[in-house]
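In the numbering used here, the protein residues as written are 2 to 787.
Next comes the structure, spelled out in structure tokens:
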């Protein structure tokens, strides 16, 4: 289809600007390596890894909005610094979730599941309404509320990040209403006021049954004067495709490696210290991600067990996702042990995607993915989606810590968020022809949907840590959030009988989210803790389903129309844990157990015939589980470790809808796999003067994923069976010398083809769409640090 026919103006291409950026970064990276020998004495020592397998030093995190040793933070936290993410080959949220137990990132397959994804912590999965997991870049939340056709959250790519922190359990006191299940924080490095620093990374890799990939990036910073410093970075990645397109209805390849993509990240920050106690840091973050096609392959086509993936989609489904984030941070030490921090930010995002409805329309109209209906036109089966997101956030907090008796924090928070969504659906019929006697919208669309949503949140919070005796800390914290939500939905086209329908709704509510905790340090590096924390997710509004194809489904539920509103849900989490560093850091051990009570859960009700869905509050659930981590250094240079998580989150009772139909069953599971884990081993030793060689291997696993519905429940789909257990093995070997880190690696060493997601157009449809890991990939990475 020509570009002029696409309402989004959406194309995927490599521009000369991006190629120039990649080439420039690669040249600098290689030059840095060549000059490394001249800078051996000045080479920057690698920072201590801030994960469970750190090699030295205390792991520092800011999970409670201030710097602390991870062993002193009384919550369950997983954290990764730049060095550890480089060793593990982490480049995206997919990699991060694979390495992090109980952090589940679930892609979607098929157009009825759209092009979104669902991220959850401890099984709290819900891809409707407000998010259950907060996503932060520094102090700015960037997650979206699901309005219209869900497009998924934005996620920063992993380059020039200081660290990533995954916070388990409700974090609403410090991180707001969308941190009901936890938060993922991407933390960027600030300017260096002391010396010049350089970090570069370039990589090339080759994928079996796929195209090559490459990346290059450079970050550097330096002082300008004694009180002025900067840091800038740029990174480009091209990901070669590995799925072949076949002629629809056949298995004949017409185009190879169609699911290629590219990403660009640019970041800059400037630090100014007008006085010894005041630091002002403006910064800018830009990211652009393009994909030429989705990662779906068609089940039964190609040879998936050998990683030969085929898709028969009639036309490719490109997407692009761009955001920029300017922010201003002010840090003022107004008195000894008292700090005032202000963060002002504006996040703007535009996501465009195209979906092809060729098989979906045929299934709905004929029951066959390739069936024929009147005036069928495959060239008019695309759906064009655009989502715009704009967030303004202002937060200020006053905090005092490292006191003998009482530490405290008090803050205020304001957020104003707008989301605009448009959906132009091609009719699947010859443009200009009548559909049920109605003219097509603009001559070719059967449905047009426009949504405008506005969230405004005002909150105040406070936290007090009381130390009645040495090594004992009692915590009490509370946050009050007031949320106002306004919603306007417009529907038009032949689906609505060419009657332009407008739905407006608004909602206002407030919620208190308290936290109570106790921690005790048995020894300087051994702590036990317990807490009770409340999480909250605001209610909202949704569009009424207008398709005549859904009338029968709604009638089965005793409805003449779908609901246009849903209410808030909430969670109480009770957790106990321990963190320990023993034998001078040679053994690190952590464990946590928890009980969760999730009430009035926002979930989707899918209509089985037309594959539309609406949001409903579906009863209560109880979750039980825990996390365990162990890190051992038995001999010099060798580290062995692992972490594992278990979660069992199930409905408390049967949940019934209209006409007495069961929507959810007592004991039905929510979320992804019950067991997830990560095992690793590293060995490093000096092999020559100034040269350290190393080996590393990571193995991740997850148990089977439960069905989204059970037999006897409304909308039960026997074709969507449980997904089998999955595993993934990677290995890396390299050497470090004079600031250079040169390594070779293998991702997906065992060539796992485990299914990560599976879907189809409607109940009874025989065509399934799956996603799996990228096939075995071998490559080389060159890094330089100064």
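All residues carry an ideal CB built from backbone N, CA and C; glycine is no exception.
Keep in mind it's a predicted model, so treat the numbers as computed, not measured.
Alpha-carbon to alpha-carbon, residue 767 and residue 545: 29 Å
Endpoints, alpha helix (DSSP H) assigned at residue 538: Unbroken run through residue 538 is the beta strand (DSSP E), 527-538; no alpha helix (DSSP H).
Residues near residue 564 by beta carbon distance below 7 Å, same chain, minus five either side: 615 and 617
Unbroken stretches of the beta strand (DSSP E), 3 residues or longer, contained in the stretch 352-432: Within the stretch 352-432, the complete beta strand (DSSP E) runs of at least 3 residues are 383-401 and 407-427.
Contact under 8 Å by Cβ, residue 296 with residue 342: no
Three-state secondary structure assigned by DSSP to residue 602: Judged by DSSP in its simplified three-state form, residue 602 adopts coil rather than helix or strand.
Residue 778 classed as buried or exposed, judged by whether at least 16 other C-beta atoms fall within 10 angstroms: buried
Inter-residue spacing [alpha-carbon to alpha-carbon] between residue 780 and residue 205: Rounded to whole angstroms, residue 780 to residue 205 spans 6 Å at the Cα level.
Sub-8 Å separation of residue 678 and residue 645 beta-carbons: yes
From 318, 320 and 344, residue whose alpha carbon lies closest to that of residue 329: 344
8 Å contact criterion, which residue 449 and residue 494 should meet: CB distance rounded: 5 Å
Three or more C-beta pairs below 8 Å linking the stretch 534-548 and the stretch 480-488: yes
Residue 784 versus residue 223: straight-line alpha-carbon distance, rounded: 19 Å
Backbone CA spacing between residue 170 and residue 393 [nearest angstrom]: 26 Å
Cβ-Cβ separation, residue 138 to residue 108 (assumed contact under 8 Å), whole Å: The pair is not a contact, with the Cβ atoms about 22 Å apart (cut-off 8 Å).
Burial state of residue 111, where buried means 16 or more other Cβ atoms lie within 10 Å: So residue 111 ends up on the buried side.
contact_flag[the stretch 718-738, the stretch 119-132] where n(CB pairs < 8 Å) is 3 or more: Verdict: no, contact absent.
CA-to-CA distance, residue 697 to residue 686, given in whole angstroms: 12 Å
Distance CB(residue 414)-CB(residue 408) smaller than 8 Å: no
Residue 336 to residue 280 span [Cα, whole Å]: 14 Å
Closest by C-alpha distance to residue 79, when choosing among 739, 755, 580 and 764: 580
Cα-Cα separation, residue 638 to residue 684: 5 Å
Alpha-carbon to alpha-carbon, residue 642 and residue 220: 31 Å
Span of the beta strand (DSSP E), counted from its first residue to its last, around residue 86: Unbroken run through residue 86 is the alpha helix (DSSP H), 83-89; no beta strand (DSSP E).
Contact set for residue 382: own chain, Cβ-Cβ below 7 Å, skip 5 residues either direction: 315, 357, 358, 359, 362, 427 and 429
Residues of its chain near residue 603, where Cβ-Cβ distance is below 7 Å and the 5 sequence neighbours each way are ignored: 127, 129, 130, 538, 567, 570, 616 and 618
Close beta carbons around residue 713, own chain, < 8 Å, minus the five adjacent residues each side: 663 and 666
Simplified DSSP state of residue 718, which is helix, strand or coil: DSSP places residue 718 in coil when its eight states are reduced to three.
First through last residue of the alpha helix (DSSP H) which encompasses residue 252: No alpha helix (DSSP H) contains residue 252, which DSSP labels as neither H nor E.
Identified DSSP bridge partners for residue 267: Bridge partners of residue 267: 235 and 287.
Rounded C-alpha distance that separates residue 740 from residue 577: If you take the alpha carbons of residue 740 and residue 577, they lie about 42 Å apart.
Coil, strand or helix - residue 781 by DSSP: It is a strand residue.
Under 8 Å between C-beta atoms of residue 1 and residue 176: Shown here, the chain extends from 2 to 787; a query on residue 1 therefore has no answer.
Rounded C-alpha distance that separates residue 526 from residue 173: 28 Å
Three-way DSSP call (helix, strand, coil) for residue 73 in this model: The three-state secondary structure of residue 73, taken from DSSP, is helix.
Backbone secondary structure at residue 125 - three-state DSSP: coil
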